[in-house]
Amino acid sequence: MDIRQLRYFIAIVEERKISAAAKRLHMSQPPLSQQLKAMEEELGSKLVERSGKLLEVTEAGKALYKNALQITQLMEETKTEVKEVGKGVNGRLTIGVNTFSVSGLPRALKQFKKKFPKVTYKIQQNESSYLCQLVRERIVELAIIRLPLDLDDFSVLHLCNEPFYFITSKEHTSFDRDVSLAEIEHYPLLFPSTEGLGVHYLILEAFSRFKLQPNIVGECSDISLLMDLVTSDFATSIVPETLLKRYTGYPINAYRISNTTELSGSVGLIWLKDHSLSKAAENFIEMIQKV
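Below, the structure is given as structure tokens:
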């Protein structure tokens, strides 16, 4: 028994006449009668009985009718959902986000949600190299990461370059301008990232490029704690602009690193090369390109 036969039976029950059901289904009467007989033979039960000019549904027929309604409704809902997923109207957007994610991401997701309200989300936060692995393993389809990284396996959409800032407690003498790496070389620096990871590497590489030896007193990947430590004058730090936008309200001084060629961070959206993406992911990429 298939979905087509279930639709035939629903029409027979609701019309109570083979002729009326056949007319509703835009088919002739004999084939419909044959389909009813085939269903009764397959199920081993009488489904309808004639009562005068009309058909009466048996108890077995009532059970079939109830389930036939549920099955056909589920089939229609499934077809609609599959079509919507295929168009990206429905489905799931899975995206990884770097710990120092771009400040505009909530706004972008809000815009996407407004356009595709039925889409659900899986958003996973981690450091960039681990996010690359999650994309390779198809745990997430997209990831927003900090460059540079080895990205031979990925397609990359550049999102932005952002400056870095030198931050101190309010107890320090204020600069009245941007600062250079040479000017902050001897300050006790607490790096906002673990050794070997993106931001840590960027800062260290920038000092090395100018043959400077920073006074590194430690590292702290817990950003709230790092901001507290800077506020208490435990140390100073160098952080990307996004971090300052996310952690406002701390009593600190913040000075932009004067030359972006000295130190700046590049942020990109990545996905696997030569792999099909869900329509939801394709729609998100398309929207980001237009922002």
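For what it's worth, numbering that gives the first Met the number 0 labels the leading residue of the sequence shown as 0, then goes sequentially. All C-beta atoms in this analysis are idealised placements derived from N, C-alpha and C, irrespective of residue type, glycine included.
Open item on the list: Whether or not the region 84-100 and the region 8-26 are in contact is what I'm after, with contact meaning three or more pairs of Cβ atoms, one per stretch, closer than 8 Å; do they touch?
Closed with: Below 8 Å, too few C-beta pairs join the region 8-26 and the region 84-100 to call them touching: fewer than three.
Open item on the list: Here's a check: name, in chain order, each residue in its chain whose Cβ is nearer than 7 Å to the Cβ of Cys324, leaving out the five neighbours to either side.
Closed with: Because residue 324 is not part of the residues shown, which for the chain are 0 to 290, the question remains open.
TODO: Go through its chain and collect everything with a Cβ distance to Gly95's Cβ below 6 Å, but skip five positions before and after it.
DONE: Gln123, Leu130, Leu133, Val139 and Ala142
Open item on the list: Please classify Ile2 as buried or exposed, where buried requires at least 16 neighbouring CB atoms within 10 angstroms.
Closed with: exposed
Open item on the list: To test your reading of the DSSP string, which unbroken alpha helix (DSSP H) runs of 4 or more residues are found completely within the region 55-106?
Closed with: Counting only runs of 4+ residues, the alpha helix (DSSP H) found wholly inside the region 55-106 occupies 58-86, in chain order.
Task: When Val81, Met26 and Thr93 are compared against Leu276, the one with the closest alpha-carbon - done: Thr93
TODO: Identify, in the order they occur along the chain, each residue of the same chain with its Cβ nearer than 7 Å to the Cβ of Gly90, setting aside the five sequence neighbours on each side.
DONE: Val84, Val118, Ser277, Lys278 and Ala279
Task: Through-space distance from Ser168 to Thr235, alpha-carbon basis - done: In a straight line, the C-alpha of Thr235 is about 7 Å away from that of Ser168.
Task: Cβ distance (whole Å) where Glu184 is taken to contact Pro213 below 8 Å - done: 6 Å
TODO: Look at the Cβ atom of Tyr164, then the Cβ atom of Tyr246, and state whether they are nearer than 8 Å.
DONE: no
TODO: Less than 8 Å between the CB atoms is what I'm expecting for Ala107 and Ile287, so what's the real figure, rounded?
DONE: 6 Å
- [ ] State the DSSP-derived secondary structure class of Tyr291, mapped to helix, strand or coil.
- [x] With the chain covering 0 to 290 only, the question about residue 291 has no answer from this structure.
Open item on the list: In the DSSP assignment, the beta strand (DSSP E) including Tyr164 goes from what residue to what residue?
Closed with: Phe153 to Ser168
Open item on the list: Which same chain residues end up closer than 8 Å to Ile251 when comparing Cβ atoms and leaving out the 5 residues on each side of it in sequence?
Closed with: Ile166, Thr167, Ser168, Lys169, Met226, Val229 and Thr230
Open item on the list: Run through the DSSP bridge pairs and tell me what Glu48 is partnered with.
Closed with: Glu55, per the DSSP bridge assignment.
Task: Close beta carbons around Tyr64, own chain, < 8 Å, minus the five adjacent residues each side - done: Result list for Tyr64: Phe8, Ile9, Val12 and Val56, in chain order.
Task: Between the CA atoms of Ile17 and Gln33 - distance to the nearest angstrom - done: Distance between the alpha carbons of Gln33 and Ile17: 11 Å.
Open item on the list: Just list the residues that DSSP pairs Ser236 with in beta bridges.
Closed with: Ile166
Open item on the list: Does Lys121 come out as helix, strand or coil in the three-state DSSP assignment?
Closed with: Strand, per DSSP.
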